[in-house]
Amino acid sequence: MKKTRNNRDQDLIERTASIYHSIAHDSMDGFLILDMHGQFLDVNDVYCRMIGYSRGELLKMNLVDVEAAEKPQNVVKFMRHIKRLGKTRVFTQHRKKNGTIVEVEISVNYTNYLGGLVFATLRDITGIKKTENDQFRNRAESRKKMEGKLADSYRHSENQDQSRKVVEGQLADSYKHSKEEAESRKVIDGQLADSYRHSENQDQSRKIVEGQLADSYKYLGTINRKITLLLDIEKLPRSKSHRKETIDYILSLAMSIVNAPMGYLYSSKGRGTFSLLSYKGVEAGQEEKIKVITSRKVGLLKHLLREKSLISGDIKRYEAELLASDNKLEYFVTLPLSKGTALGGFIFLGFNKKHTVATQDLEFLDVFAMHASKALMEAGVLE
0 MKKTRNNRDQ DLIERTASIY HSIAHDSMDG FLILDMHGQF LDVNDVYCRM IGYSRGELLK
60 MNLVDVEAAE KPQNVVKFMR HIKRLGKTRV FTQHRKKNGT IVEVEISVNY TNYLGGLVFA
120 TLRDITGIKK TENDQFRNRA ESRKKMEGKL ADSYRHSENQ DQSRKVVEGQ LADSYKHSKE
180 EAESRKVIDG QLADSYRHSE NQDQSRKIVE GQLADSYKYL GTINRKITLL LDIEKLPRSK
240 SHRKETIDYI LSLAMSIVNA PMGYLYSSKG RGTFSLLSYK GVEAGQEEKI KVITSRKVGL
300 LKHLLREKSL ISGDIKRYEA ELLASDNKLE YFVTLPLSKG TALGGFIFLG FNKKHTVATQ
360 DLEFLDVFAM HASKALMEAG VLE
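Quick note on numbering: numbering that gives the first Met the number 0 labels position 369 of the sequence shown as 368, and the sequence is numbered without any gaps.
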């Protein structure tokens, strides 16, 4: 029995990791998941291209293997620091497979899930850092030129004081110097104008980066919300005395993931018969028609009993009109609730019009169903 539970927990970890990999796959930023020892658990393709390693290589590596700016002991301290803070943003350097250095800006979030995980989005800012360094060098060179010209001007004034006896020659030299000084000022003014333009370009670059970071934070927020949903299931009381509370709460969570206006939760009574345990969004009196349903009356149940996997689609195509609440529903998503290898029940989510649920949300619902099944079994619902 213990071995079966360990296998189930491992399956949950692998399925949960796969859903976050799917969520991050199309991101414009690098994305990675670490355990609290710094071991890579998952990375997306953007980070692989950024660092030059394949995904398979990175999953055998630790953060200290690519960190170029900090010593290994400092990386360990940083992981503990993230756990205390919950989230932070840092600038550092990662070493690519070919040995070159890439400047990165990292947004980090910690969650106390599956022993503690760190989620991070990374942006390559090597180009921005190079531009800033070039601008700094240009300004430094401009200052040196200006200081040199001022020094020449002071020396000229001293020589002028000492040479007052030769009035005509002195005046000629003074006029000549004034003309040269005016031309120098024009050059310096041009250099300052260029410097201001560089600063304006730099400000625009920062605004673009800040906008992209805002998108990254929003994206991380979506991931953290889904983690929170799974953690909420894990916090539910595991006892028969809280049976009704557990059933209603799980149905509400499932509906909130895809904003479904209507939902049912059924348990299996065997031989293709299912009994209604909870419902939401149904008009008074409508539930009487669907309290007990069978595979003979609802064609969808034949598919569900055979496949034991998530099904979504058109109500009429799957012969599920009985669940359509007087034809108000057109589209549905059904989540299987497993009882070991058997089908212990299901969650039915209905939509008022033709609707398409994002692939990422369907994949997350699949993981959600596994956690929900476990909670319902421990509460004595799926017996």
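Just so it is clear, CB atoms sit at the ideal spot from N, CA and C, and this is done for glycine as well. All values reported here derive from a predicted model rather than from experimental measurement.
Residue 365 is positioned such that its CB atom lies closer than 8 Å to that of residue 309. In this structure residue 249 touches residue 375 by the C-beta definition: roughly 7 Å separates them, less than 8 Å. In the three-state scheme derived from DSSP, where H, G and I count as helix and E and B as strand, residue 46 is classed as helix. Only residues of its own chain outside the window of five on either side were considered, and among them 321 have a CB closer than 8 Å to the CB of residue 288, listed in chain order. In the structure shown, residue 289 adopts helical secondary structure according to DSSP, grouped into three states.
Rounded to whole angstroms, the separation of the alpha carbons of residue 278 and residue 268 is 18 Å.
In the displayed model, residue 381 falls within coil according to three-state DSSP, outside both helix and strand.
Across the set 66, 127 and 142, the C-alpha of 127 shows the shortest separation from the C-alpha of residue 206.
According to the DSSP secondary-structure assignment, residue 91 is paired through a beta bridge with 103.
CA-CA distance, residue 344 to residue 372, rounds to 9 Å. Within 10 angstroms of the beta-carbon of residue 100 lie fewer than 16 other beta-carbons, which makes it exposed. For the set 317, 246, 341 and 334, the Cα lying nearest the Cα of residue 270 is the one of 341. In this structure, the alpha-carbon of residue 273 lies about 55 Å from that of residue 93. Comparing alpha-carbon positions, the option among 311, 346 and 337 lying closest to residue 329 turns out to be 311.
In this structure the segment 33–48 touches the segment 106–125; the number of beta carbon pairs closer than 8 Å is three or more. A direct Cα-to-Cα measurement between residue 121 and residue 368 gives close to 31 Å. In the pairwise beta carbon analysis, the segment 59–68 is classified as touching the segment 36–51: at least three pairs are separated by under 8 Å. Within the segment 298–351, the complete alpha helix (DSSP H) segments at least 4 residues long are 298–306, listed from N- to C-terminus. The beta-bridge partner set that DSSP reports for residue 108 consists of 86 and 118. Beta-bridge partners assigned by DSSP to residue 266: 274 and 344. According to DSSP, residue pairing for residue 61 in a beta bridge involves 38. With respect to the C-alpha of residue 89, the residue from 358, 136, 105 and 142 having the closest C-alpha is 105.
Residue environment analysis places residue 313 among the exposed positions, since fewer than 16 neighbouring C-beta atoms fall within 10 angstroms of its C-beta. A direct Cα-to-Cα measurement between residue 265 and residue 333 gives close to 11 Å.
Rounded to whole angstroms, residue 69 and residue 109 show a C-alpha spacing of 20 Å. Distance between residue 257 and residue 346, taken at the CA atoms: about 13 Å. Excluding residues up to 5 positions away in sequence, 29, 30, 31 and 121 lie with their Cβ nearer than 7 Å to the Cβ of residue 46 in the same chain.
Exclusion of the five residues before and after residue 303 leaves 310, 333, 335, 342 and 345 as the residues of its chain whose Cβ lies within less than 8 Å of its Cβ. Going by C-alpha positions, residue 275 is about 24 Å away from residue 363.
Minimum Cα-Cα distance from residue 262 among the listed residues 285, 241, 242 and 240 corresponds to 285.
Here residue 256 carries a helix assignment [DSSP, helix/strand/coil]. It is roughly 6 Å from the alpha-carbon of residue 260 to the alpha-carbon of residue 350. Residue 27 counts as exposed, since fewer than 16 other beta carbons sit within 10 angstroms of its beta carbon. Each of 306, 305, 301 and 307 was checked against the Cα of residue 317, and the nearest Cα belongs to 301. Distance between residue 97 and residue 52, taken at the CA atoms: about 9 Å.
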